[in-house]
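Accompanying notes for the structure given below.
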């Protein structure tokens, strides 16, 4: 009977992971450049060890679970905001740096301008160009730190990534290609960092395809995720009922044993 409770509990662990992954996908359905996470199967050796603090190999029939990032391209939406940029390269990424010089990759092309003229992401990481951080010191800045249209200001990001401010070239955006995207490690909803196995290559101008005034949305299918959540909740509830039923049976057995 203890084994039945253990088996049911072990079966609930992957369902819990699926619930967390699906809930996060749904929460980021409107996040620009968000890449949904999906679930695949693997041995639950770690999960089993955490549950009962035991060492050794998992049983042959242990339920498996794991996750991976789906880097399929999201749909493009026209915004006409000159600081919104979509990458039309499947495995292309913008490069961001924080103040400590750490490098991040992102598909989110929603940017803003600081009071210092730096072009930054929504979480204030600097957008990198071929010559370092992109800086538009001559652009007009409104009180909220955003880009303000003016007859005297003309910001153009060409299809191949060249930055033109009032027809003056400020260099090119640094766009990189990652051939093995599954080697990237997610550090936030829209940012990734490279690992030892990541193969990153700077794209040449003729290889870059950008769309200024457009934004790549999340690749989450809300209907599919909602259906997945309902199915997972049912499986989780089923496991909970099995544990509850076996627990009641165990209590009855213990009470009856007192009479013998």
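Numbering (this note's numbering), first residue to last: 1167 to 1426. Just so it is clear, CB atoms sit at the ideal spot from N, CA and C, and this is done for glycine as well.
Who are the Cβ neighbours of residue i in its own chain at under 8 Å, not counting the five residues just before and after it?
| i | result |
| --- | --- |
| residue 1394 | 1184, 1188 |
| residue 1345 | 1257, 1365, 1367 |
| residue 1347 | 1235, 1237, 1257 |
| residue 1335 | 1328, 1329 |
| residue 1295 | 1329, 1336, 1337, 1338, 1339, 1340 |
| residue 1268 | 1359 |
| residue 1263 | 1269, 1270, 1291, 1292, 1294, 1299 |
| residue 1320 | 1330, 1331, 1332, 1333 |
| residue 1398 | 1181, 1184, 1185, 1188 |
Figure out for me which residue from the options has the closest Cα to the Cα of residue i.
| i | options | result |
| --- | --- | --- |
| residue 1282 | 1350, 1322, 1302, 1297 | 1302 |
| residue 1339 | 1325, 1332, 1197, 1234 | 1325 |
| residue 1360 | 1284, 1342, 1372 | 1342 |
| residue 1349 | 1259, 1193, 1234 | 1234 |
| residue 1239 | 1264, 1186, 1387 | 1387 |
| residue 1253 | 1403, 1193, 1323, 1397 | 1323 |
| residue 1242 | 1204, 1286, 1385, 1396 | 1385 |
| residue 1371 | 1193, 1255, 1266, 1191 | 1255 |
| residue 1381 | 1287, 1205, 1403, 1186 | 1287 |
| residue 1204 | 1369, 1332, 1390 | 1390 |
What's the call for residue i, buried or exposed, on a 16-neighbour Cβ count within 10 Å?
| i | result |
| --- | --- |
| residue 1181 | buried |
| residue 1392 | exposed |
| residue 1363 | exposed |
| residue 1261 | buried |
| residue 1259 | buried |
| residue 1330 | exposed |
| residue 1316 | Residue confidence for residue 1316 is low, a pLDDT of 48 falling below 50, so the modelled location carries little weight; the figure read from the coordinates is stated next. Exposed, by the Cβ-count rule. |
| residue 1352 | exposed |
| residue 1396 | exposed |
| residue 1279 | buried |
Excluding the five sequence neighbours on either side, which residues of its own chain have a C-beta within less than 7 Å of the C-beta of residue i, listed in chain order?
| i | result |
| --- | --- |
| residue 1379 | 1244, 1245, 1246, 1247, 1248, 1250 |
| residue 1383 | 1198, 1240, 1241, 1243 |
For the beta strand (DSSP E) that residue i lies in, which residues bound it at each end?
| i | result |
| --- | --- |
| residue 1374 | Note, residue 1374: premise wrong, no beta strand (DSSP E); not H, not E. |
| residue 1259 | 1258-1263 |
| residue 1244 | 1242-1244 |
| residue 1334 | 1334-1338 |
| residue 1204 | 1203-1206 |
| residue 1368 | 1366-1368 |
| residue 1272 | 1269-1272 |
| residue 1322 | 1321-1323 |
| residue 1238 | No beta strand (DSSP E) holds residue 1238; DSSP gives it neither H nor E. |
| residue 1330 | 1328-1331 |
| residue 1293 | 1292-1295 |
| residue 1344 | 1341-1344 |
| residue 1358 | 1357-1359 |
Using a Cβ-Cβ cutoff of less than 6 Å, which residues in the same chain neighbour residue i once the five nearest sequence positions on both sides are dropped?
| i | result |
| --- | --- |
| residue 1297 | 1337 |
| residue 1462 | Outside the shown range of the chain, which is 1167 to 1426, sits residue 1462, and nothing can be said about it. |
| residue 1300 | 1285, 1293 |
| residue 1202 | 1191, 1236, 1385, 1386 |
| residue 1369 | 1341, 1343 |
Would the C-beta of residue i count as close to the ligand SAH, meaning under 7 Å from any of its heavy atoms?
| i | result |
| --- | --- |
| residue 1254 | Of the ligands one can find in the structure shown there are none, so the ligand SAH has no counterpart to examine. |
Touch test, the segment 1368-1382 against the segment 1270-1278, Cβ-Cβ under 8 Å, three pairs minimum:
yes
With contact counted as at least three CB pairs below 8 Å, one residue from each stretch, are the segment 1348-1357 and the segment 1185-1204 in contact?
yes
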